[in-house]
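Trainee: Residue numbers (the numbering used here), protein chains in the order written: chain A, 1 to 225; chain S, 1001 to 1225.
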DNA sequence: TTCTGTTTGTGAAATAACTAACAGCGTTAA
DNA sequence: TTAACGCTGTTAGTTATTTCACAAACAGAA
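#1: Relative to the C-alpha of residue 151 of chain A, which residue among A/45, A/65, A/112, A/181 is closest?
#2: Between residue 1218 of chain S and chain A, is the shortest Cβ-Cβ distance under 7 Å, so that the two count as touching?
#3: Give a yes or no on whether the minimum CB-CB distance between residue 1013 of chain S and chain A is below 7 Å.
#4: Along the segment 1183-1198 of chain S, what residues have a CB closer than 9 Å to any CB found in chain A?
#5: Going by the beta-carbon positions, is the gap between residue 1132 of chain S and residue 1102 of chain S smaller than 7 Å?
#6: Going by beta carbon distance, what residues of the same chain come within less than 8 Å of residue 1187 of chain S, once the five residues before and after it are set aside?
#7: Under a CB-based cut-off of 7 Å, is residue 1019 of chain S close to chain A?
#8: Could you check the C-alpha separation between residue 1193 of chain S and residue 1082 of chain S for me, to the nearest Å?
#9: Excluding five sequence neighbours on each side, which residues of the same chain lie with their C-beta closer than 8 Å to the C-beta of residue 1020 of chain S?
#10: So, with DSSP's three-state summary, where would you put residue 148 of chain A?
#11: Excluding five sequence neighbours on each side, which residues of the same chain lie with their C-beta closer than 7 Å to the C-beta of residue 165 of chain A?
#12: Given a cut-off of 7 Å on the beta-carbon distance, is the pair residue 1182 of chain S and residue 1161 of chain S in contact?
#13: Inspect the beta-carbon positions of residue 91 of chain A and residue 49 of chain A and report whether they are closer than 7 Å.
#14: Can you have a look at residue 1003 of chain S and say buried or exposed, based on whether 16 or more other CB atoms are within 10 angstroms of its CB?
#15: Just the chain S side, please: which residues come within less than 7 Å of residue 101 of chain A by C-beta, in chain order?
#16: Please name the residue in S/1062, S/1124, S/1079 whose C-alpha comes closest to that of residue 1033 of chain S.
#17: Examine chain A for any beta-carbon lying closer than 7 Å to the beta-carbon of residue 1097 of chain S, and answer yes or no.
#18: Hey, does residue 1002 of chain S have any beta-carbon neighbour from chain A nearer than 7 Å?
#19: Going by C-alpha distance, which of A/110, A/158, A/94 is nearest residue 127 of chain A?
#20: Using the Cα positions of residue 71 of chain A and residue 24 of chain A, report the straight-line distance between them to the nearest angstrom.
#21: Following the continuous alpha helix (DSSP H) through residue 101 of chain A, name the residue where it begins and the one where it ends.
#22: Which word fits residue 1085 of chain S, buried or exposed, when buried means at least 16 other C-beta atoms lie within 10 angstroms of its C-beta?
#23: Quick one: Cα of residue 1026 of chain S to Cα of residue 56 of chain A, how far?
#24: If you measure between the beta carbons of residue 1125 of chain S and residue 1134 of chain S, is that distance less than 7 Å?
#25: Which complete alpha helix (DSSP H) runs does the segment 20-46 of chain A hold, if anything under 4 residues is left out?
#26: Does residue 1001 of chain S pass the burial test, meaning 16 or more other C-beta atoms within 10 Å, or should it be called exposed?
#27: Assign residue 60 of chain A to one of three DSSP states: helix, strand, or coil.
#28: Shorter than 7 Å from the beta carbon of residue 118 of chain A to some beta carbon of chain S?
#29: Per DSSP, what are the beta-bridge partners of residue 1134 of chain S in this structure?
#30: Give a yes or no on whether the minimum CB-CB distance between residue 1203 of chain S and chain A is below 7 Å.
#31: Please list, in chain order, all residues of the same chain as residue 1198 of chain S whose beta carbon is under 8 Å from its beta carbon, the five residues on each side excluded.
#32: Can you name the residues that DSSP bridges to residue 1048 of chain S?
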């Protein structure tokens, strides 16, 4: 008898879990030991029902009247997302955006780590940037193997993105976060997620000036009486 | 008799329209005058049905057997998204990420334009960065009024984000693209969209190593026979 | 012209995501 | 101990989004 139907979570669920964990670290830092679903919901700008539903994919259960233990909930999300071990990441393209990500990501509380950066420009490689060693592109394959890198971040100009993606795939990458406004063609088993800043901005512009949809704060959803 | 029910489009539809337009400019540059829904779909990594459905919110119709006229389709999307006129944007926080956005955005083919950047650091203001003039924070309100700025991009550290958002709102901003990992509290009529790079990366890490969901390329959906 | 092969536009069906609602439990207070 | 309250886990219901499927339209060939 199967113990449980696998039922892989949706992308949105994973995103929210990641966000919850981030928020929970903040809670923990403030010394709170417990939190209710509606409090977490308010911080994440979702409904409390959504939070409880998301919790169902984790093994962890809160207790009635006490809510969730922050520490255990973090541990639970971490076990779920990271599966116990961290992942090593290569960042390719040390331009403005690449540097931004390197600096924002150093000293992060996730088990993901950018362990190497790469660029074609010889003037900027062979040194540390924000604590991360920069290699010339030629070393990509070798370093990926040495460091057991399984994830890649692509922050190169659009024209170079596909070539870089090919090299990452050849190096054995399993997933790519792509900032170049290009759809990458990769083997079946490589997961790609695109982050297009221009699109994001145009969306904001549209809804800012056409109103309608309201995404932030279901707010006082459960205000009393 | 009402000509048409308004029926505001979903966020996802707007994002896709923005992406289509971006892709169509590329098509146009290659000299193609027409395109089919399935070709555009392949580039955007969605289904052809999705493309046609999205087209329904525009007034424009393609012609059977000829597809869509690229130029007219771009014009149609532009009319829909930009409503005829451009928008002026203020970027706050000239760190690594801010610079990245300034450089990626200069000379873009959208009608959105970053017309001013702001920072608290006196050493980096009062000069051009990637073609954009940088002001000290004190000038925010004045410049916003002068330049008719209605959109803001927040690329400051988390701790400063709420204060910046407050100032932007006071300056009359209608929408904010927020990169700080914080939920901003803003008045009802200000639209906020959050872009959390860490969350995006953790999502990639999860699906890269747990498989399941496949987002890229419905691919050869309509391969013959 | 007429036939053939394709493609669009669109409502209906299917799927996915979210919300509501409530039984059951733990905590607290008498 | 017992009762009352508030929160969680969970299922069912609702809404949003995507895909299907097919009529109508057009171009090209014969």
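Even for Gly, the Cβ is constructed at its ideal location relative to N, Cα and C.
Mentor: Quick look at the numbers:
#1: As a first step, residue 151 of chain A must be located in the first chain, where it is residue number 151. It is A/112.
#2: The residue labelled residue 1218 of chain S in the question sits at position 218 within the second chain. For residue 1218 of chain S, the predicted structure reports a pLDDT of 42, less than 50, and the residue's modelled location is therefore unreliable. The matter cannot be settled from this model.
#3: Within the second chain, numbered from 1, the residue matching residue 1013 of chain S stands at position 13. Among the residues facing chain A, residue 1013 of chain S is not included, as its CB has no counterpart in that chain under 7 Å away.
#4: 1183, 1184, 1185, 1186, 1188, 1189, 1190, 1191, 1192, 1193, 1194, 1195, 1196, 1197, 1198
#5: Translated into the one-based positions of the second chain, residue 1132 of chain S becomes position 132. Translated into the one-based positions of the second chain, residue 1102 of chain S becomes position 102. Yes, Cβ-Cβ distance for residue 1132 of chain S and residue 1102 of chain S is below 7 Å.
#6: Locating residue 1187 of chain S in the second chain gives position 187, counting from the first residue. Excluding positions up to five away in sequence, the list reads 1169.
#7: Within the second chain, numbered from 1, the residue matching residue 1019 of chain S stands at position 19. Cβ-Cβ to chain A under 7 Å: yes for residue 1019 of chain S.
#8: Within the second chain, residue 1193 of chain S is the residue found at index 193, counting from 1. Within the second chain, residue 1082 of chain S is the residue found at index 82, counting from 1. For residue 1193 of chain S and residue 1082 of chain S, the distance between alpha carbons rounds to 18 Å.
#9: If you number the second chain from 1, residue 1020 of chain S lands on position 20. Only 1040, 1044, 1051, 1054, 1073, 1077 meet the Cβ criterion.
#10: Here residue 148 of chain A is taken as the residue at index 148 of the first chain, counted from 1. In this structure, residue 148 of chain A counts as coil in the three-state DSSP scheme.
#11: Residue mapping note: residue 165 of chain A aligns to position 165 of the first chain, counting from 1. Cβ neighbours of residue 165 of chain A within its own chain (closer than 7 Å, five residues either side excluded): 154, 176, 184, 186.
#12: Here residue 1182 of chain S corresponds to residue number 182 of the second chain, with the count starting at 1. Here residue 1161 of chain S corresponds to residue number 161 of the second chain, with the count starting at 1. In this structure, residue 1161 of chain S lies closer than 7 Å to residue 1182 of chain S by Cβ.
#13: Within the first chain, the letter at position 91 stands for residue 91 of chain A. Within the first chain, the letter at position 49 stands for residue 49 of chain A. No, they are not a contact pair.
#14: As a first step, residue 1003 of chain S must be located in the second chain, where it is residue number 3. Here the model assigns residue 1003 of chain S a pLDDT of 41, short of 50, so the residue's position is not dependable, and the following value carries that caveat. Exposed, since its Cβ has fewer than 16 Cβ neighbours within 10 Å.
#15: Start at 1 with the first residue of the first chain, and residue 101 of chain A comes out as number 101. Those within 7 Å of residue 101 of chain A in chain S are 1197.
#16: Walking along the second chain from the start, residue 1033 of chain S turns up at place 33. Of the listed residues, the one whose Cα sits closest to residue 1033 of chain S is S/1062.
#17: Position 97 of the second chain holds residue 1097 of chain S. Interface residue, yes.
#18: Locating residue 1002 of chain S in the second chain gives position 2, counting from the first residue. The pLDDT assigned to residue 1002 of chain S is 40, lower than 50, so where the model puts this residue is not dependable, and the model offers no usable value.
#19: Position 127 of the first chain, counted from the first residue, corresponds to residue 127 of chain A. Among A/110, A/158, A/94, the Cα nearest to that of residue 127 of chain A belongs to A/94.
#20: For the purposes of this step, residue 71 of chain A is identified with residue 71 of the first chain, where counting begins at 1. For the purposes of this step, residue 24 of chain A is identified with residue 24 of the first chain, where counting begins at 1. Spanning the two alpha carbons is a distance of roughly 8 Å.
#21: The residue given as residue 101 of chain A occupies position 101 in the first chain. First-last of the alpha helix (DSSP H) with residue 101 of chain A: 96-105.
#22: Here residue 1085 of chain S refers to the residue found at position 85 of the second chain. Under this definition residue 1085 of chain S is an exposed residue.
#23: Counted from its first residue, the second chain places residue 1026 of chain S at position 26. Counted from its first residue, the first chain places residue 56 of chain A at position 56. The alpha-carbon atoms of residue 1026 of chain S and residue 56 of chain A are separated by roughly 44 Å.
#24: Working through the second chain from its first residue, we reach residue 1125 of chain S at position 125. Working through the second chain from its first residue, we reach residue 1134 of chain S at position 134. In contact: residue 1125 of chain S and residue 1134 of chain S (Cβ atoms closer than 7 Å).
#25: Along the length of the segment 20-46 of chain A, whole alpha helix (DSSP H) runs at least 4 residues long occupy 37-44, reported in chain order.
#26: Against the second chain, residue 1001 of chain S aligns to sequence position 1. In this prediction, residue 1001 of chain S scores a pLDDT of 42, lower than 50, which makes its location untrustworthy; no coordinate-derived value is stated.
#27: For this step, residue 60 of chain A is matched to residue 60 along the first chain. Coil.
#28: For the purposes of this step, residue 118 of chain A is taken as the residue at position 118 of the first chain. False, the Cβ-Cβ gap to chain S never drops below 7 Å.
#29: Here residue 1134 of chain S refers to the residue found at position 134 when the second chain is read from its first residue. Per DSSP, S/1117, S/1127.
#30: The sequence position of residue 1203 of chain S within the second chain is 203, counting from 1. Chain A places a beta carbon closer than 7 Å to that of residue 1203 of chain S, counting this residue as a contact.
#31: Here the question's residue 1198 of chain S lines up with position 198 in the second chain. The residues are 1181.
#32: Numbered from its first residue, the second chain carries residue 1048 of chain S at position 48. According to DSSP, which records beta bridges pairwise, residue 1048 of chain S is partnered with nothing at all.
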